[in-house]
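Each remark here refers to the structure printed beneath this line.
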Amino acid sequence: AANPGMVGCDSQQQGGVIAVSREASEQWMWWRPRPTQPPACCRAMTADCLSCNSGVSKAQYCAANPQTVGCPPQACCRAYTATCMSCVAGQTEAEYCAANPGMVGCDSRPTQPRACCRAMTADCLSCNSGTSKAQYCAANPQTLGC
């Protein structure tokens, strides 16, 4: 043994290690706590694993990252408004409105009427409808220019 004058005992009650002197000339004892181990977390890209690795509860993780696999599904309204469409897209309203400024409910809607062309093309028709060309084409894929 490396320390023949020492007797080591695992103390489950104290969560540490106790050492006691066996020498008649010395009488002492010391206690050293065991090092704490971080929790063993899985590595999958799921709410359980990611919350463990982040050191937060699954509920806290899902509140900040609702689209993560393993988080409960989020109930979204289906109206064509910034509130509903941002929920469906898994974005904040600000993020959604930045990409879709013409959407009903976005504060960045222009205060002046748009000057839109009158041709029957995706560019003109989307401008007149107050939506992006991508949104207009998704709803009207046969339109010229989509």
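For what it's worth, this note's numbering labels the leading residue of the sequence shown as 1258, then goes sequentially.
Beta carbons: idealized from backbone N, C-alpha and C, even for Gly.
A quick note: this is a predicted structure, and the numbers were derived from the prediction, not measured.
Tell me which same chain residues have a C-beta within less than 7 Å of the C-beta of residue i, skipping the five on either side of it?
i	result
A1346	Y1353
C1373	C1381, C1384 and N1385
Q1331	P1323 and C1344
A1336	none
R1375	C1381
C1333	C1341, C1344 and V1345
Can you list, in chain order, the residues of its chain with a C-beta nearer than 6 Å to that of residue i? Leave out the 5 residues immediately preceding and following it.
i	result
L1401	T1378
R1366	At R1366 the pLDDT is 47, less than 50, meaning the model places this residue with poor confidence; the figure from the coordinates comes in the next sentence. Here the set comprises nothing.
T1349	none
P1403	One detail in the question is off: residue 1403 reads as Cys in this sequence, not Pro. Taken in chain order, the residues that qualify are A1379 and C1394.
G1359	G1387 and T1388
C1319	A1304 and C1328
A1396	none
Is DSSP giving residue i helix, strand or coil here?
i	result
N1357	coil
T1303	coil
S1311	helix
A1332	coil
V1326	coil
Y1318	helix
A1297	coil
C1403	coil
T1349	coil
Return yes when the Cβ of residue j is within less than 8 Å of the Cβ of residue i, no when it is not.
i	j	result
T1340	G1362	yes
A1296	C1309	It should be pointed out that residue 1296 corresponds to Pro in this sequence rather than to Ala. Yes, they are a contact pair.
Pick out whichever of the options has its Cα sitting closest to the Cα of residue i.
i	options	result
Q1324	C1403, T1303 and D1364	T1303
A1355	K1315, C1403 and T1388	T1388
Closer than 8 Å by C-beta to residue i: which residues in its own chain qualify, once you throw out the five before and the five after it? Chain order, please.
i	result
N1357	A1339, M1342, C1363, T1388, S1389 and Q1392
P1398	none
S1314	S1308
C1306	C1298, C1299 and R1300
*Give, in chain order, every unbroken run of the alpha helix (DSSP H) that is at least 4 residues long and sits entirely within the segment 1366 to 1400.*
1379 to 1386 and 1390 to 1396, all fully within the segment 1366 to 1400.
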